[in-house]
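Read in order, the letters of the sequence shown correspond to residues 5 to 875 in my numbering.
Shown next, in structure tokens, is the structure this report addresses.
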Amino acid sequence: MPKPFVHLHLHTQYSLLDGAIKHNPLFERANALNMPAVAQTDHGNLFGSIEFYEKARANGVKPIIGCEIYFAGGSRFDKEKRAREEGGYDAINHLLLLAMDEVGYQNLMYLVSKAYLEGFYYKPRVDWSLLEARHEGLICTSGCLSAPVPRAITHGEVDRAWSVAERFRGLFGDRYYLEMQRHGIPDQEVVNQELIKMGIDMDIPLVATNDAHYLEEDDHEHHDALLCIGTAANLSDEKRFRFDGHGFFVKDGDEMREVFHDHPEAVENTLLIAERCNLEIPMGTYHMPEFQVPAGKNLEEVMAEDAWDGLRKKLGMSADEPFDTPDGKIYAERMNHELGVINQMGFPGYFLIVADFINYAKRSGIPVGPGRGSSAGSLVAYGMNITNIDPVEFDIIFERFLNPERLSMPDIDVDFCMRGREQVIRYVADRYDEVTEGGESGEGAYDGMKVAQIVTFGTLQAKAAIRDVGRVLGMAYGDVDRIAKLIPEQLGITLEEAVNQSPELRARMESDVQVGQLVGTARKLEGLTRHASKHAAGVVIGTKPLIEMVPLYRDSKSGDVMSQYNMNCVEKVGLIKFDFLGLKTLTLMADAEKLIRKKPGFEDFLLDEIPIDNEQAYDLLCRGDTEGVFQVESSGMTDLVVKTGPREFREIIQLVALYRPGPLQSGMVDDFIERKNGTVRVEPLHPSIEDLTHETLGVIVYQDQVLQIAQRMASYSLGEADILRRAMGKKKPEEMQQQRDRFVEGCVGNGIEETEAADVFDLIVEFAGYGFPKAHSAAYAYITYQTAYLKANHRPEYLAALLTIEAGNHDKLSRYIAHVRESGLDVLPPDVNDSAQDFGVVGTAIRFGFAGIKNVGDGAVASILAARDEE
5 MPKPFVHLHL
15 HTQYSLLDGA
25 IKHNPLFERA
35 NALNMPAVAQ
45 TDHGNLFGSI
55 EFYEKARANG
65 VKPIIGCEIY
75 FAGGSRFDKE
85 KRAREEGGYD
95 AINHLLLLAM
105 DEVGYQNLMY
115 LVSKAYLEGF
125 YYKPRVDWSL
135 LEARHEGLIC
145 TSGCLSAPVP
155 RAITHGEVDR
165 AWSVAERFRG
175 LFGDRYYLEM
185 QRHGIPDQEV
195 VNQELIKMGI
205 DMDIPLVATN
215 DAHYLEEDDH
225 EHHDALLCIG
235 TAANLSDEKR
245 FRFDGHGFFV
255 KDGDEMREVF
265 HDHPEAVENT
275 LLIAERCNLE
285 IPMGTYHMPE
295 FQVPAGKNLE
305 EVMAEDAWDG
315 LRKKLGMSAD
325 EPFDTPDGKI
335 YAERMNHELG
345 VINQMGFPGY
355 FLIVADFINY
365 AKRSGIPVGP
375 GRGSSAGSLV
385 AYGMNITNID
395 PVEFDIIFER
405 FLNPERLSMP
415 DIDVDFCMRG
425 REQVIRYVAD
435 RYDEVTEGGE
445 SGEGAYDGMK
455 VAQIVTFGTL
465 QAKAAIRDVG
475 RVLGMAYGDV
485 DRIAKLIPEQ
495 LGITLEEAVN
505 QSPELRARME
515 SDVQVGQLVG
525 TARKLEGLTR
535 HASKHAAGVV
545 IGTKPLIEMV
555 PLYRDSKSGD
565 VMSQYNMNCV
575 EKVGLIKFDF
585 LGLKTLTLMA
595 DAEKLIRKKP
605 GFEDFLLDEI
615 PIDNEQAYDL
625 LCRGDTEGVF
635 QVESSGMTDL
645 VVKTGPREFR
655 EIIQLVALYR
665 PGPLQSGMVD
675 DFIERKNGTV
685 RVEPLHPSIE
695 DLTHETLGVI
705 VYQDQVLQIA
715 QRMASYSLGE
725 ADILRRAMGK
735 KKPEEMQQQR
745 DRFVEGCVGN
755 GIEETEAADV
765 FDLIVEFAGY
775 GFPKAHSAAY
785 AYITYQTAYL
795 KANHRPEYLA
805 ALLTIEAGNH
815 DKLSRYIAHV
825 RESGLDVLPP
835 DVNDSAQDFG
845 VVGTAIRFGF
855 AGIKNVGDGA
865 VASILAARDE
875 E
């Protein structure tokens, strides 16, 4: 086994389109090569730090969190062009920083955040003033050839190099090291000789690094292709960006000792630095934002008052009316149970925060969905107007949403109208951010930010990797396109899976060397992180300024500020995530509602007040008139709707849960249809649970039913039963055996034969893999019903709103216009005097809106409308 060594200068895939090292293979190699620790030092960011930290520890490797920051020799606010063009001290330099402890980690987060928020000019830059303020707990090295000291040396300004090194040494003290690299680049030897002199004269230790960008030596060609993807170059282009020198891989300790045979202490210092770095990132504690309640009241009291008051209103009760009827007692018992669990788990503030921004949206006329995900199973959420689905009426289990026996944050996802979503996010930011003025150059403008969106990362997927690599290899577009189209249309398919599944792709690889090279290179690059962007829904709210909790990133094009950690990682460090989703169907329904109110006799029409048993709506579904109806307009779903003929709302809930790949592929849907139509006899899984599956014809359609069955047959608590459900989803053998034993034992205790219990458990396992949260099905089924109602009872208005929503998608627009005409309605042509921006209703006809005309922008439409108004 090689002697130990620690790589302190290493770029993972989060050095976007520059580093090609993935975490799991890195730690496998580190263990194989006797490396006790490894550092991650990506360019200018901490994107992958939490993932790196957790995976390193899981593999028995000590993680060192670092960053190769970009350093401006002058002010970070200096964004003159000369600052980029001048060489040496005033250019954008590199600098290596490593976190020794939590103080260093906090300072590193602050530095990379400030670099993006205040110092971005081509790259996110830190300057001396930031380093001087936030250097504690950090180790600094003199860096690569692009760092201030080496760059001054290579520019022949040796005196300046010494003075800069002296300044770094004065700032960092014994935490400053002179970094030596040897990649066969002549300038490196010039720099190394000067660094050796500095080390002796200034008593600064040397450290050996390897500037690793790819894992193994043979990966250099693939890495070269990655650089071409990142710079939009071709491998045949002699002037393209490439690495000078060689050996930018994860070498073992023996190889590094051979490279630095004349300075063994520089290699040994990597181990000493690793010993100095002992960062423990705090995890496992949630940081709940503070919600302001009236003086003299606490969170629990305000939440309970809002929940009870709201529930009474929804049930048509007076303000102080007791819940003393049989049904009222059921609601009261459920409400008290939920409030107790929420209080016990410490989440009243979460519910109040969500209710606050939802109520703001409703006050502002921004449509909000009836619910999404398992949160629609909460009566407290229903009472607080967070959701609009009664979980008692529809028999939805609370513990599927919030399990008192498993500590995890509640997850309330909220759908908003597409047009109003950003306004709600701005409201939240205005409510929680601490306002800071910022200096003349914008310094400190983000220091009080407590609300930000979350980053997400795009990766090189199979087809994209083929197309990118094909371009880099200089292959003809048509040839590359034909290879890409040989990859099966399957979500998330890998190239390895594609090669196994496609005989034609294998044949092309075997018969054509270039195709083999294309696929081989693409397989090596597949899965690497390609770009950073804003998550579609996630927003975090901090208990203090976010710059003190997570590193922040600012998109250079949009200006959007977001966390550098992705959705999973912000939760791991304790930030509370809220999901604000945009759903265009809500916008569609709101637009239809406005058009309906223009009709005589419908001035007070409210979609929220429509009956749930409208015969025309169910007739529309049963005859398959589903074009433009939420969730049911695909041919497969339409076929299922027609075959099952839903005549009540519960049956729509079932269909929303059933129409998914798992149930469809397993034959479960066909079985359900046969039972619904009476061609197959309905038999319960066990007599004791017949009532639990009666509604779904003996089929386990919902995850909630798994919980109820375990509770009824084996005396599980609902919280314990939710853990069983999760175990069934993961199918870990050891855990499954434990659950099987527990289930059978519980059944036997209730007088059920052991063999019967075992058979039922096996059947539950089979069904559980396909079960769906009833709460989500109910919430989205309600939107399905609402759109069916609107189309059945107010067809012109609904279809006009539908055309407006799809005005920018000309393929869909053409399809829907054809459907309107097939429905017997006229579509009147655009008219400069009569058309509006949106599609409108004229009698029983629909007038074409300007928004649906190709190449007519908003400015032109505004001019037309303004001219019309003047006349």
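Where a beta carbon is used, it is the ideal one built from N, C-alpha and C, also for glycine.
Within its own chain, the residues whose Cβ lies closer than 8 angstroms to the Cβ of L509, once the five positions on either side in sequence are excluded, are I487, L490, I491, A502, V503, V523, listed in chain order.
DSSP links E738 through a beta bridge to no other residue.
Taking each of P330, I204, H226 in turn and checking the Cα distance to F252, the smallest one comes out for H226. The three-state secondary structure of K858, taken from DSSP, is coil. 8 angstroms or more divides the Cβ of A466 from the Cβ of D595. For R679, the three-state secondary structure derived from DSSP is helix. Per DSSP, reduced to three states, the secondary structure at L210 is strand. For H47, the enclosing beta strand (DSSP E) begins and ends at 41-47.
Taking 8 angstroms as the cut-off, the beta carbon of V418 is found no closer than this to the beta carbon of R471. Between the stretch 715-724 and the stretch 741-753, the count of C-beta pairs closer than 8 angstroms reaches three or more; the two stretches touch.
Contact between T274 and L550 does not hold, since the beta-carbon distance rounds to 33 angstroms and is not under 8 angstroms.
In terms of Cα proximity to L624, the closest of V636, H224, G314 is V636. Considering only V372, Q192, R261, the residue with the shortest C-alpha distance to P6 is R261.
Shown here for V845: same chain residues with a beta carbon closer than 7 angstroms to its own, the five before and five after excluded, namely L599, P800, E801, A804 in chain order. G387: member of the alpha helix (DSSP H) spanning 383-387, first to last residue.
When DSSP assignments are scanned along the stretch 756-844, no uninterrupted stretch of beta strand (DSSP E) that is 3 or more residues long falls wholly within it.
In this structure, the straight-line span from the alpha carbon of Y789 to that of V646 is close to 15 angstroms.
In the three-state scheme derived from DSSP, where H, G and I count as helix and E and B as strand, C71 is classed as strand.
Burial check for S382: the Cβ neighbour count within 10 Å reaches 16 or more, so the residue is buried. The C-alpha of R404 is placed about 20 angstroms away from the C-alpha of A359. Annotated as distal: L767 and I401, with beta-carbon spacing of 8 angstroms or more.
In this structure, DSSP gives G542 an extended state, which the three-state scheme calls strand.
Around the CB of N214, 16 or more other CB atoms lie within 10 Å, so the residue is classed as buried. Secondary structure note for A849: it is in no alpha helix (DSSP H), and the uninterrupted beta strand (DSSP E) holding it is 849-851. With distances taken between CA atoms, Y784 lies nearest to L587 out of R527, S146, L587, M104.
Beta-bridge partners assigned by DSSP to S537: T460. For I357, there is no enclosing beta strand (DSSP E); the residue is found in the alpha helix (DSSP H) stretching over 352-367.
For F420, the enclosing beta strand (DSSP E) begins and ends at 417-420. A straight line joining the alpha-carbon of D258 with that of P268 spans about 11 angstroms. For I429, the uninterrupted alpha helix (DSSP H) run begins and ends at 425-436, by DSSP. The beta carbon of S79 is closer than 7 angstroms to those of D131 in its chain, skipping five residues each way along the sequence. By the neighbour-count criterion, in which a residue is buried when 16 or more other Cβ atoms sit within 10 angstroms of its Cβ, F245 is exposed.
At least 8 angstroms separates the beta-carbon of V195 from that of I277. Counting C-beta pairs with one atom in each stretch, the stretch 604-612 and the stretch 429-438 have fewer than three that are closer than 8 angstroms, which means they do not touch. Boundaries of the beta strand (DSSP E) around N97: 96-103. Membership of F247 in any beta strand (DSSP E) is not indicated, and neither H nor E is assigned to it by DSSP.
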